[in-house]
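Take 94 as the starting number for the sequence shown in this note's numbering and just add one per residue.
Report on the following structure.
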Amino acid sequence: MKDRYESPLSSRYASEFMLNLFSAEKRIQTWRRLWVALARAEHKLGLPVTADQVAELEAHISDIDFEMAAQREKEVRHDVMAHVYTYGKAAPSAAGIIHLGATSCYVTDNADLILYREGLRYLRGELAAVLANLAQFAEKYKATPTLGYTHYQPAQLVTVGKRAALWMQDFLSDLEELDFVLENLKFLGCRGTTGTEASFMDLFEGDGEKIDEMNRQIAGEFGFDKCFPVCGQTYPRKVDSRILNCLSAIAQSCCRMANDIRLLQHDRQVEEPFEKNQIGSSAMAYKRNPMRSERICSLSRYLMADAMNAPLTASVQWLERTLDDSANRRISMPEGFLCADAILRLSQNVTDGLHVNEKVVDRTVREYLPFIATENLMMEGVKRGGDRQALHEIIRTCSMAATAKMKEGKPCDLLHRLAAEQAFGMTGAEMEAVLDPALYTGRCTEQVEVFLARVRPLLADASLEKPEINL
Numbered sequence: 094m095k096d097r098y099e100s101p102l103s104s105r106y107a108s109e110f111m112l113n114l115f116s117a118e119k120r121i122q123t124w125r126r127l128w129v130a131l132a133r134a135e136h137k138l139g140l141p142v143t144a145d146q147v148a149e150l151e152a153h154i155s156d157i158d159f160e161m162a163a164q165r166e167k168e169v170r171h172d173v174m175a176h177v178y179t180y181g182k183a184a185p186s187a188a189g190i191i192h193l194g195a196t197s198c199y200v201t202d203n204a205d206l207i208l209y210r211e212g213l214r215y216l217r218g219e220l221a222a223v224l225a226n227l228a229q230f231a232e233k234y235k236a237t238p239t240l241g242y243t244h245y246q247p248a249q250l251v252t253v254g255k256r257a258a259l260w261m262q263d264f265l266s267d268l269e270e271l272d273f274v275l276e277n278l279k280f281l282g283c284r285g286t287t288g289t290e291a292s293f294m295d296l297f298e299g300d301g302e303k304i305d306e307m308n309r310q311i312a313g314e315f316g317f318d319k320c321f322p323v324c325g326q327t328y329p330r331k332v333d334s335r336i337l338n339c340l341s342a343i344a345q346s347c348c349r350m351a352n353d354i355r356l357l358q359h360d361r362q363v364e365e366p367f368e369k370n371q372i373g374s375s376a377m378a379y380k381r382n383p384m385r386s387e388r389i390c391s392l393s394r395y396l397m398a399d400a401m402n403a404p405l406t407a408s409v410q411w412l413e414r415t416l417d418d419s420a421n422r423r424i425s426m427p428e429g430f431l432c433a434d435a436i437l438r439l440s441q442n443v444t445d446g447l448h449v450n451e452k453v454v455d456r457t458v459r460e461y462l463p464f465i466a467t468e469n470l471m472m473e474g475v476k477r478g479g480d481r482q483a484l485h486e487i488i489r490t491c492s493m494a495a496t497a498k499m500k501e502g503k504p505c506d507l508l509h510r511l512a513a514e515q516a517f518g519m520t521g522a523e524m525e526a527v528l529d530p531a532l533y534t535g536r537c538t539e540q541v542e543v544f545l546a547r548v549r550p551l552l553a554d555a556s557l558e559k560p561e562i563n564l
């Protein structure tokens, strides 16, 4: 339907898995599974629900008449009751016991928790794949010297692998946070209109233990071992804040990495994947724009902004419930997941094909190495009888002069200038011997090795399946 708005997240960026997870079909099937689980628990605990009714409900989880439900919703203005009606038409013998004792949030909120948990697990796999790609990259380049920057100005040397380890450390933090969110995700259960379970106290004739057992059975059927100890009509909207904050954190890490790649690609030190027939610019055919890294940054901004919806919603939950969360959550929560999925798919693609132009990297190192080596040269000059303060002043004045030449587009001649100073007592060849880049990377190689040793056990099951980026 090209005459209707279509979200780019669904038409261009997100995976088939995530699009299916937040589809209407998946959502309503989950509602029906919840109605089956409620009916089964009520049957086992002695309420007037028969095994045949449970079996009929189970047999009709998938055959959803969306047209009938839409027509019914127009009449009653209530989406859940429209689907109760539609489900009853598909399973007529059970129509009278569907949703028994429940309120709408039994299906809407529990289904959301089920879908969010599945989405978080999927994103965890994508995040682990990014880390696994970067681990291979960091191992390969752990000892490759490169120019480090502070304030985006040339600073001391680091290694290419150490820089990747910095990105990995951010992603590892995200992985730990995501695991925390998953481990602490609780089920709402079936708690009634204000969370008091009053309807079930009536149905079970005041037997609170049966109510607890019913909730244990339903939660267990969906793989949850805990329900919220207290609630209003909904699960606490702080959960949504925690989830979107986690997704925002992932976006922050991806954006930081992608921005670094964009800066390095400007200098041709590093390049993201570029396909054989890819066009970089409609006007400038020679260009190789870092468009995937740019897209990561662009989508990350959207996700970081989207994450603000959840705390704003959580902060205005009136008493036991208000419905002003509903329309917002229908958009902000699924789109948060779809956007995080898109960002991580792109990040997998970029980290899998990230290319280092080693000769450019080395040339950049060599250009600035004389400046970086000046402290070592000064120490060597002192060993040969020079005065430390006098040598420092010589280095300062020669450095300023060499920098001025470079600003005129001329090559760096700092080493030549210093070799001409008798106070150093060193020949040009002797000074060249101090210019081994490996002498100036500190413990980078060791730091990468130690870090990778810690991370690798977490990535043992990481999938290296390559997502296809079509657009």
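C-beta atoms are modelled at their ideal positions from N, C-alpha and C, and glycine is treated no differently.
Write down the C-beta distance between residue i and residue j rounded to the nearest angstrom, noting that I regard them as a contact closer than 8 Å.
i      : j      : result
Leu437 : Ala231 : Rounded, the Cβ-Cβ distance is 18 Å, inconsistent with contact.
Leu431 : Ser103 : 7 Å
Tyr328 : Leu281 : 4 Å
Val200 : Val173 : 6 Å
Ala228 : Arg549 : 7 Å
Asp267 : Ala342 : 5 Å
Lys255 : Phe317 : Between Phe317 and Lys255 the Cβ distance is about 42 Å, and since that is not below 8 Å, they are no contact.
Ala236 : Thr538 : 5 Å
Arg330 : Ala400 : Going by Cβ atoms, the distance from Arg330 to Ala400 rounds to 13 Å, so no, they are not a contact pair.
Leu138 : Glu298 : Not quite, the Cβ-Cβ distance comes to about 11 Å (not below 8 Å), so this is no contact.
Val475 : Tyr234 : Not confirmed; about 35 Å, so no contact.
Ala516 : Gly479 : 5 Å
Using a Cβ-Cβ cut-off of 8 Å (strictly less than) and excluding sequence neighbours within five positions of residue i, which residues of its own chain qualify?
i      : result
Val129 : Val147, Leu150, Glu151 and Ile154
Ala323 : Contrary to the premise, residue 323 reads as Val rather than Ala in this sequence. Cβ neighbours of Val323 beyond the five flanking positions: Gly288.
Tyr245 : Leu356
Ile354 : Val363, Glu365, Pro383, Ser386, Val443 and Leu447
Gly218 : Ala555 and Ser556
Pro427 : Phe115
Please name the residue or residues paired with residue i in a DSSP beta bridge.
i      : result
Thr243 : Gln246
Pro238 : Thr252
His448 : Glu364
Would the beta-carbon of residue i fall within 9 Å of that of residue j?
i      : j      : result
Met524 : Leu484 : no
Gly194 : Glu109 : no
Asp93  : Ser186 : Not covered by the structure: residue 93. The range shown for the chain is 94 to 564.
Val453 : Arg385 : no
Ala351 : Ala433 : no
Leu114 : Leu208 : yes
Ala435 : Leu392 : yes
Thr123 : Ala183 : no
Val458 : Thr239 : yes
Gly429 : Ile336 : yes
Arg381 : Leu439 : no
Thr534 : Leu250 : yes
Leu112 : Leu213 : no
Leu447 : Pro560 : no
Gly325 : Leu412 : yes
Thr252 : Val541 : yes
Tyr414 : Cys348 : First, the amino acid is wrong: residue 414 is Arg here, not Tyr. No.
Between which residues of its own chain and residue i is the CB-CB distance below 7 Å, once the five residues before and five after are set aside?
i      : result
Ala175 : Ala162, Arg165, Glu166 and Val169
Ala378 : Bear in mind that the predicted position of Ala378 carries a pLDDT of just 45, short of 50, making it unreliable; the figure below should be weighed with that in mind. No residues qualify anywhere along the chain.
Glu314 : Ala130
Glu473 : Met519 and Val527
Ala495 : Cys505, Asp506, Leu507 and Arg510
Tyr178 : Arg165
Arg126 : Ile154
Glu290 : Arg284 and Ile304
Asn308 : Gly282, Cys283 and Cys320
Asn421 : Asn402 and Thr406
Arg547 : none
Val223 : Phe264, Leu437, Ser440, Gln441 and Thr444
Thr196 : Gly285, Thr286 and Gln326
Asp96  : none
Residues in its own chain within less than 6 Å of residue i by CB, not counting five upstream and five downstream?
i      : result
Ala403 : Asp333, Ser334 and Leu337
Ala257 : Leu227, Phe230 and Ala231
Gln410 : Arg330
TODO: Pick out the complete alpha helix (DSSP H) segments inside the segment 256-333, 4 residues or longer, and give them in chain order.
DONE: 291-296 and 301-314
- [ ] List in chain order: all unbroken alpha helix (DSSP H) runs of 4+ residues lying wholly within the segment 508-549.
- [x] Fully enclosed alpha helix (DSSP H) runs of 4 or longer: 521-526 and 537-548.
Task: Complete alpha helix (DSSP H) runs within the segment 427-486 (minimum length 4 residues, chain order) - done: Listed in chain order, the complete alpha helix (DSSP H) runs (minimum 4 residues) inside the segment 427-486 are 451-465 and 467-476.
TODO: List in chain order: all unbroken alpha helix (DSSP H) runs of 4+ residues lying wholly within the segment 208-233.
DONE: none
Task: Sequence ranges, alpha helix (DSSP H) only - wholly within the segment 155-185, length at least 4 - done: 159-169 and 172-183
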